[in-house]
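Visitor: In our numbering, the protein residues as written are 118 to 342. Built from N, CA and C at the ideal position, the CB exists for glycine as well. Keep in mind it's a predicted model, so treat the numbers as computed, not measured.
1. Closest to residue 314 by CA distance: which of 291, 334, 209 and 331 is it?
2. My output table needs one value for residue 210: the three-state DSSP class, helix, strand or coil.
3. Taking residue 183 as the reference, which of 162, 274, 245 and 143 has the closest Cα?
4. If you reduce the DSSP assignment to three classes, tell me which class residue 183 lands in.
5. With a Cβ-Cβ cutoff of 8 angstroms, do residue 238 and residue 223 count as a contact?
6. Within 10 angstroms of its Cβ, does residue 333 collect 16 or more other Cβ (buried), or is it exposed?
7. Going by the beta-carbon positions, is the gap between residue 163 and residue 151 smaller than 8 angstroms?
8. Would you list the one or two residues that DSSP bridges to residue 286?
9. Taking just the CA atoms, how far does residue 263 sit from residue 274?
10. How long is the line joining the alpha carbons of residue 214 and residue 177, rounded to whole angstroms?
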């Protein structure tokens, strides 16, 4: 089956109308008002709401779409001519699904003049895509969705606590902070001893490696109908 038909297959149901409309309404509305409050209250509210709550929930909504059970995967492998097409189309669909929400909030941040936050938001696109790709290659729907939420919400929140308790972080932990919590890293940039350029480079490189590792895991995984 041609790849465009596989894309069409996966695109169906990617944006459940009611769920997506409600989530976008709250997410963009909250982003608008929390951005407006940065001048008086600082960026803490904006970072907390976006990085720990709304974007992880949005990410789960999109990522769960490709986290199929074994029976569905076996069926898709049979009609889409093997694992390569299935995997890379899934990666593409996740990126396309994440783009409207992430780019939308990044654009709002950029127009408000918060360029550093806009860039950190855009970098969530490759990170979330990589997480979804590698998780969907190893775990099925429910376990995968829970794992994705932990990686995108609980762990980023823990870096906020870590920085507040320790005052500064560097080395491996500093690089991990950029990977898991790029918005938090911008908020506490003075507390990180790792440069933003280095952190973002590692973020992009790690995302690429995770996508490739996910592909290798998907090729080697055995599915039982």
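Guide: Considering the structure as presented:
1. The residue with the shortest Cα to Cα distance from residue 314 is 291.
2. Here DSSP, grouped into helix, strand and coil, assigns residue 210 to helix.
3. Measuring from the Cα of residue 183, the nearest candidate turns out to be 245.
4. Correct three-state label for residue 183: coil.
5. A distance below 8 angstroms separates the beta carbons of residue 238 and residue 223.
6. Exposure of residue 333 is indicated by the presence of fewer than 16 other C-beta atoms within 10 angstroms of its C-beta.
7. Yes. Within cutoff.
8. Beta-bridge pairing by DSSP links residue 286 to 309.
9. C-alpha separation (whole angstroms): 16 angstroms.
10. Straight-line Cα distance between these residues: approximately 11 angstroms.
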